[in-house]
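Engineer: Below is a structure I'd like to ask you about.
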Amino acid sequence: MSDDHPAVETSGLIKRFGDVRALDGVDLTVPRGAVYGILGPNGAGKTTCVRVLATLLRPDGGQARVFGHDVRREADAVRTRVSLTGQYASLDEDLTGVENLVLLGRLLGHGKRAARERAGRLLEAFGLTEAAGRQVKNYSGGMRRRIDIAASIFNTPDLLFLDEPTTGLDPRSRSQVWDIVRLVVAQGTTVLLTTQYLEEADRLADRIAVIDRGRVIAEGTPGELKSSVGAGSVHVRLRDAARREEARGLLARVLGADVVLEAEPVALTARLTGASDLNAAGASSDLNAAGAASRALAELADAGIIVDDFSLGQPSLDEVFLTLTGHPAEDAGGDTEQEAA
Ligand SMILES: Nc1ncnc2c1ncn2[C@@H]1O[C@H](COP(=O)(O)OP(=O)(O)O)[C@@H](O)[C@H]1O
Ligand SMILES: [Mg+2]
């Protein structure tokens, strides 16, 4: 095929629910062949965005194209190219894993033998061979999530939407789902993944759009987003706690940074301010950070202050979110404040 359209292209996309603008002018370009992350807190508009792109909701304004097909005017063409986990392929709780997948394959028009073969391969790839003969209603949360994804790629889609695929899963199940996402992408499917987890977007996505209140507030590679808040932090542990005040003054001067004394009496952390420009290139500020850190290390040595441990840490995506939105990711939903007792 000669089409070279991006997997997804939207401009000014709007979706209202009554007074709520769930999508308030979303501009997105999702290139083919990678994992694209939409990162945002509860209520940001992630599911609405996915449902519009999957043609399950009609937008109220703006444009959205999937592989060049308009989601309104060419919805059928879009549907042949995409799959949305848990939507197009719903499983029967009373059937076993293998029965579900074989049935699905038959419904998709495969012969009995081909359906069995594909089901077997998917169950194996997703670590579900042992559970294949069990009813899906008895699956754990992680197993259920995996078989949902298996079902949604029975016929390999060009674009797979994964809407918060690991929300509520324990760490082990989460990393199993991550492995599956990597497997799906390796087979040529573009994955558009939504997540509330900064770590998940960082680990999986080649590019990330940060979405807040129906708008894309930042876009770039994980490295670009992280460097947009600053160059990172320098962590230092001294041999001798008595030299800490001196080290603090030296680091503040050399790095031009705020230096925080940690609870541990030998430890200090300097927050590098770096680039405050949100579109700063990641590479240059990484270089600046490394350069500044090595100058600081050299001056500590010159002053005879012994350093036992020294590290340069990138800022977390949590810090990115806070910088971009002015509020932490955890309580960005507004109406979901849960004070722990
Ligand atoms: N069917 C609906 N009816 C009314 N409001 C909705 C509906 N779906 C979503 N919303 C509202 O739209 C906003 C975005 O929701 P959603 O896309 O589900 O966010 P997310 O998936 O990021 O948590 C929220 O304020 C939500 O309450
Ligand atoms: Mg959602």
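Per UniProt numbering, the sequence shown runs over residues 1 to 341. From the three backbone atoms N, C-alpha and C, an ideal C-beta is built for every residue, glycine too. If you're wondering where the values come from, they're calculated on a predicted model, not measured in any experiment.
Whose C-alpha, out of R81, V98, T194, V181, is nearest the C-alpha of T55?
Structural biologist: Closest by alpha carbon: R81.
Engineer: Do G256 and P315 have their CB atoms nearer than 7 Å?
Structural biologist: No, the Cβ-Cβ distance between G256 and P315 is not below 7 Å.
Engineer: Which residue or residues does DSSP assign as beta-bridge partners of E219?
Structural biologist: DSSP output for E219 lists A209 as bridge partner(s).
Engineer: For Y36, write down the residues that DSSP places opposite it in a beta bridge.
Structural biologist: Partner(s): L192, R207.
Engineer: Who are H69's beta bridge partners in DSSP?
Structural biologist: Paired residue(s): V66.
Engineer: By a C-beta neighbour count over all protein chains shown, 10 Å radius and 16 as the cutoff for buried, is E319 buried or exposed?
Structural biologist: Buried, since its Cβ has 16 or more Cβ neighbours within 10 Å.
Engineer: Could you please go through the chain and list the residues whose beta-carbon is closer than 6 Å to any non-hydrogen atom of ligand 1?
Structural biologist: In chain order, the hits are F17, V20, A22, G40, N42, G43, A44, G45, K46, T47, T48.
Engineer: With a CB to CB cut of under 6 Å and the five nearest residues on each side skipped, what residues in its chain are close to V259?
Structural biologist: The residues are R248, L251, A252, L268, A270.
Engineer: Quick check on the burial criterion: 16 or more other C-beta atoms within 10 angstroms. Buried or exposed for K226?
Structural biologist: Classification of K226: buried, given that the 10 Å Cβ count is 16 or more.
Engineer: Is DSSP giving L268 helix, strand or coil here?
Structural biologist: In the structure shown, L268 sits in a strand (DSSP, three-state: E or B).
Engineer: Quick check on the burial criterion: 16 or more other C-beta atoms within 10 angstroms. Buried or exposed for I306?
Structural biologist: Its Cβ having fewer than 16 others within 10 Å, I306 is exposed.
Engineer: Could I get the ranges of all uninterrupted beta strand (DSSP E) runs contained in the stretch 92 to 164, with 3 residues as the minimum, in chain order?
Structural biologist: Complete beta strand (DSSP E) runs here, min 3: 159 to 163.
Engineer: Taking just the CA atoms, how far does S83 sit from A22?
Structural biologist: Rounded to whole angstroms, A22 to S83 spans 22 Å at the Cα level.
Engineer: Secondary structure at V58, three-state DSSP: helix, strand or coil?
Structural biologist: Per the sequence presented here, residue 58 reads as Arg, with Val not at that position. Residue state, collapsed to three classes: coil.
Engineer: Out of curiosity, what's the CA-to-CA distance linking R134 and L159?
Structural biologist: Cα to Cα, R134 sits roughly 29 Å from L159.
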